[in-house]
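Student:
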Amino acid sequence: MNRITRRIGSASARRPWVTIATWVVALLLVLPLAGTVGGSFVDDLVAPGSQSEKAMELLEERFPEASGGEAMAVFAAPEGERLERHRSAVDAAVARIADVEHVATAADPFTAGTLSPDGRIGFARITFDVPAMDVDPEEISALTDAIGPARGDGVVAELGGDAVFINAETKTSGAEAAGLLTALVILVVAFGTIVAALVPIALALVAVAAGLGSVVLLANAMDVSTAAPTIGAMIGLGIGIDYALFIVARHRENHASGQDNATALSNAMGSSGAAVLFAGGAVVVAMAALTLTGLGFLTSIGLSTALVVLFAVASALTLLPALLSLLGDRVHQGRRARRRGRKRTLKKPEDTAWWRFAHRVSGRPWRHLLAASAVLLALAAPALRMETGFPDAGDDSTSTTHRRAYDLLAEGFGPGFNAPLLIVADLTRPGADAEDVPALSRRIAAVPGIATVGEPQTSAAGDTVVLPVLPTTAPADAETSRTLQRVRDLVPDNVSVSGLTAMTDDLTEQLAHTLPAFITAILAASFLLLMVMFRSVALPLKAVVVNLLSIGGAYGVVVAVFQWGWLGALFNLEGTFQIASPMPTIFFAVLFALSMDYEVFLLSRVREEYDATGDPSESVARGMAATGRVITSAALIMTVVFLSFVANPSPLVKMMGLGLATAIVLDATIVRMVLVPATMALLGRATWWLPRWLDRRLPRIGVEDADRQPHPEPVLAPAAGSR
1 MNRITRRIGS ASARRPWVTI ATWVVALLLV LPLAGTVGGS FVDDLVAPGS QSEKAMELLE
61 ERFPEASGGE AMAVFAAPEG ERLERHRSAV DAAVARIADV EHVATAADPF TAGTLSPDGR
121 IGFARITFDV PAMDVDPEEI SALTDAIGPA RGDGVVAELG GDAVFINAET KTSGAEAAGL
181 LTALVILVVA FGTIVAALVP IALALVAVAA GLGSVVLLAN AMDVSTAAPT IGAMIGLGIG
241 IDYALFIVAR HRENHASGQD NATALSNAMG SSGAAVLFAG GAVVVAMAAL TLTGLGFLTS
301 IGLSTALVVL FAVASALTLL PALLSLLGDR VHQGRRARRR GRKRTLKKPE DTAWWRFAHR
361 VSGRPWRHLL AASAVLLALA APALRMETGF PDAGDDSTST THRRAYDLLA EGFGPGFNAP
421 LLIVADLTRP GADAEDVPAL SRRIAAVPGI ATVGEPQTSA AGDTVVLPVL PTTAPADAET
481 SRTLQRVRDL VPDNVSVSGL TAMTDDLTEQ LAHTLPAFIT AILAASFLLL MVMFRSVALP
541 LKAVVVNLLS IGGAYGVVVA VFQWGWLGAL FNLEGTFQIA SPMPTIFFAV LFALSMDYEV
601 FLLSRVREEY DATGDPSESV ARGMAATGRV ITSAALIMTV VFLSFVANPS PLVKMMGLGL
661 ATAIVLDATI VRMVLVPATM ALLGRATWWL PRWLDRRLPR IGVEDADRQP HPEPVLAPAA
721 GSR
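Numbering-wise, full-length UniProt numbering puts 479 at position 479 of the sequence shown, and it's gapless, one number per residue.
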């Protein structure tokens, strides 16, 4: 693998302007195309083969009037008043709503009788001539404009319902820019020069821009989740900066050891470049594995993130060496160092704190191993009480109109009003027929947890009947799921239950069934990749176990903060939340992939030192001494980038940001600094054992065949007395 990355880097460095021009052309093609022919984002919330999917397909085929999406324009008079006093403003708003494209009907709340018992709150039911997931965000914006003038009459006017919630666009907080600025400061401190610090930031921005442009184009070919761009940008920024940082740091280290720029860059691409390619490949494999869930929105998130990561790897292997070739010595010269006349000298590994700490851990491995494991298990303990469910509009920030509409509807009509169910009867199949519908309606109304059953609606052909049903509890309430199951157990075989609440419940159930197989596939693929790369059996097994511990710790922290409310005020949470059912699956793919990054970068350097010294404990200490500062800087950068997303108003984005940041902190501290040296000290030479018969059969794609220095490479430090 090192020969491939060395050749790619050398070719890019020999023709830097051609490489840069190629990237410019690619951006000029991708970004304008994304703006003109790119698709829009939509959440495919269908569990393939589920009862809710079959019911919706039946409605779209035979009863399209009942399959259209719905929204609610919710109006509320000031406290102590009745909405009737503001009827003219509400009627005018409903008339404007009816003129919006794809709106089939807009029912006036006064004529339709959709007023709360106290007369203060009312809603206009809006039906579309397309399914809820096909409603365009521009039409939602037009509806928002249509109800806006009513507020001038003193009326509270909000827009809610399934179609609005599904197609709501998540706003950014602006904290992402602050995260990038902080990352720049960390890079300046790590490198001592603004030029070297700006290069990783620039590469990450280029990779994310190209990657997100490709994601928009992907949305023209398939349904891409509204969460995909945010997750892709989050992962792309962190990984893009880190990959460039590792190569630039190795390049500067090689140059400081006496190599000229061309040789230093070539060797950096052969070592760190190979690690980047392997680590990036692991991330791509993990994200692409989301397709194994069989769920459209998770597949789109996985493929979208994989696209961004591919651009991050490509920019690190091609654009980065081209820029380093053009910059020359300016990458190595810091303004502060020139002004103070400070020069850098070589510092022996044993003079570093990283080397001393590694030997301290390896001197008493059992003590450190048990202590570190206890900490991670304690952090992971809350994950055993994780409660998952699909988020509803009530989980969003009160700054959004659909959340305010949700609250008004719950206040005026009860919490179950936001969790409507559709009972769909296929009269062409054996079971209930048209005469049985009244009795079926009465039986459903008697089910515990059901508030009301509406009037039956029959298709024009008379072959399909729909019963609208309202439960007594909110969409994300666990009791609503139990009510749904009671109804499904009651109805005959030709009757199905659908609606957004049923669809998301089916999604949660399918995710629970597919998660074990998904985790097994990720673990098996990671084990095989690490075994091939490092020619070891024990090493990948150790990596899998410790990565599971760090991921469990991240799960536990997210449960404690979001589900239990610990430190909720610190993260500006407005309450407690169930863990969104897609989150454990997305978390596992992303966190396991990211945790592999530092594992690969550290162990590839440890392997170099082991080949040079033959001493298991010393190779770990020297590997940590050589990579400690760089990996710590990289982890700090990625943590800052992820934490910047915690400021996002969406609780789901907050969950992602906090979970990813926690996993990176745990992986870069407890795992890398304690568990790795402790386990490798206990394993000794067995760390690198691989049966000969297996060694002969495995392909050689690792970095172990890179050109070795005759002695371990030194670590840079300021010369004594130079301050």
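Backbone N, C-alpha and C define an ideal beta-carbon position, used for all residues, glycine too.
On a predicted model such as this, the values are computed, not experimentally measured, just so you know.
#1: Comparing C-alpha positions only, which one of SER496, PHE246, VAL195, ALA11 sits nearest to SER633?
#2: Where does THR36 sit, in a helix, a strand or coil, going by DSSP?
#3: Does DSSP put GLU79 in a helix, a strand or coil?
#4: Taking the continuous alpha helix (DSSP H) assigned at ILE241, which residues delimit it?
#5: Out of SER257, ALA112, ALA13, LEU324, which one is the CA nearest neighbour of ALA196?
#6: Per DSSP, GLN457 forms a beta bridge with which residues?
#7: So GLY211 is in the alpha helix (DSSP H); what residue range does that whole segment cover?
#8: Report, in whole angstroms, the separation of the C-beta atoms of ALA178 and GLU70, which I expect to be a contact under 8 Å.
#9: With contact counted as at least three CB pairs below 8 Å, one residue from each stretch, are the region 38 to 45 and the region 73 to 87 in contact?
#10: Is GLY270 helix, strand or coil when you go by DSSP?
#11: According to DSSP, ALA124 sits in a beta bridge with which residue or residues?
#12: Quick check on DSSP: helix, strand or coil for ASP136?
#13: What is the DSSP secondary structure of LYS343, counted as helix, strand or coil?
#14: Assign PRO420 to one of three DSSP states: helix, strand, or coil.
#15: If contacts are defined as beta-carbon pairs under 8 Å, then GLU101 and GLU65 qualify, I think. What distance do you get, rounded to the angstrom?
#16: Using the rule of at least 16 other Cβ atoms within 10 Å of the residue's Cβ for burial, across every protein chain shown, is VAL25 buried or exposed?
#17: Report the three-state DSSP secondary structure of ASP426 (helix, strand or coil).
#18: Check whether the region 678 to 687 and the region 365 to 382 touch, using three or more Cβ-Cβ pairs below 8 Å as the test.
#19: Apart from the five residues on each side of it in sequence, which residues of its chain come closer than 7 Å, Cβ to Cβ, to PRO200?
#20: What is the C-beta distance between LEU683 and ALA538, in whole angstroms, given that I count them as a contact (C-beta under 8 Å)?
#21: Helix, strand or coil for PRO391, going by three-state DSSP, please let me know.
#22: Check PRO471 in the structure and name its three-state DSSP category.
#23: Residue range of the alpha helix (DSSP H) that GLY623 falls in?
#24: Is the closest heavy atom of the ligand MN to the C-beta of GLU57 under 7 Å?
#25: Could you tell me if GLU455 is buried or exposed, where buried requires 16 or more neighbouring beta carbons within 10 angstroms of its beta carbon?
#26: Answer yes if the region 85 to 96 comes into contact with the region 143 to 152, meaning at least three C-beta pairs across the two stretches below 8 Å, and no otherwise.
#27: If I measure Cβ to Cβ from VAL135 and keep anything under 6 Å in the same chain, skipping five residues before and after, which residues do I get?
#28: Using only CA atoms, which one of LEU548, PHE562, GLY296, LEU652 lies nearest to GLU53?
#29: Of all the options VAL641, THR662, ALA393, LEU511, which has the alpha carbon lying nearest to the alpha carbon of THR230?
#30: Name the two residues that bound the continuous alpha helix (DSSP H) containing GLU53.
#31: Can you tell me which of SER300, LEU290, VAL331, ALA405 puts its alpha carbon nearest to the alpha carbon of ASP223?
#32: Are TYR555 and ALA668 close, meaning C-beta to C-beta below 8 Å?
#33: Check the DSSP bridge columns for SER498 and list the partner residues they point to.
#34: Can VAL284 and LEU310 be called in contact, C-beta distance under 8 Å?
#35: Would you mind reading off the limits of the beta strand (DSSP E) that contains VAL103?
#36: Can you tell me whether VAL46 is helix, strand or coil according to DSSP?
Tutor: Here's the rundown:
#1: PHE246
#2: helix
#3: coil
#4: 228 to 256
#5: LEU324
#6: VAL466
#7: Element bounds for GLY211: 194 to 218.
#8: Between GLU70 and ALA178 the Cβ distance is about 39 Å, and since that is not below 8 Å, they are no contact.
#9: no
#10: helix
#11: ALA73
#12: coil
#13: Caution applies to LYS343, whose pLDDT of 46 falls short of 50 and renders its modelled position unreliable; the value that the coordinates give is listed next. If DSSP states are grouped into helix, strand and coil, LYS343 belongs with coil.
#14: coil
#15: That belief does not hold up - the Cβ atoms of GLU101 and GLU65 are roughly 18 Å apart, past 8 Å.
#16: exposed
#17: Correct three-state label for ASP426: strand.
#18: yes
#19: LEU187, ILE241, ALA244, LEU245, VAL248
#20: 5 Å
#21: When DSSP states are grouped into helix, strand and coil, PRO391 belongs to the coil group.
#22: Strand.
#23: Residues 616 to 644.
#24: Among the components modelled here there is no ligand, and therefore nothing to report on the ligand MN.
#25: exposed
#26: yes
#27: GLY69, PHE128, ALA163, ASN167
#28: GLY296
#29: VAL641
#30: 51 to 62
#31: SER300
#32: no
#33: For SER498, which the question treats as bridged, DSSP gives the partners LEU422.
#34: One thing to note: VAL284 has its Cβ within 8 Å of the Cβ of LEU310.
#35: 103 to 106
#36: Look at VAL46 here: in three-state DSSP terms it is coil, with no helix or strand label.
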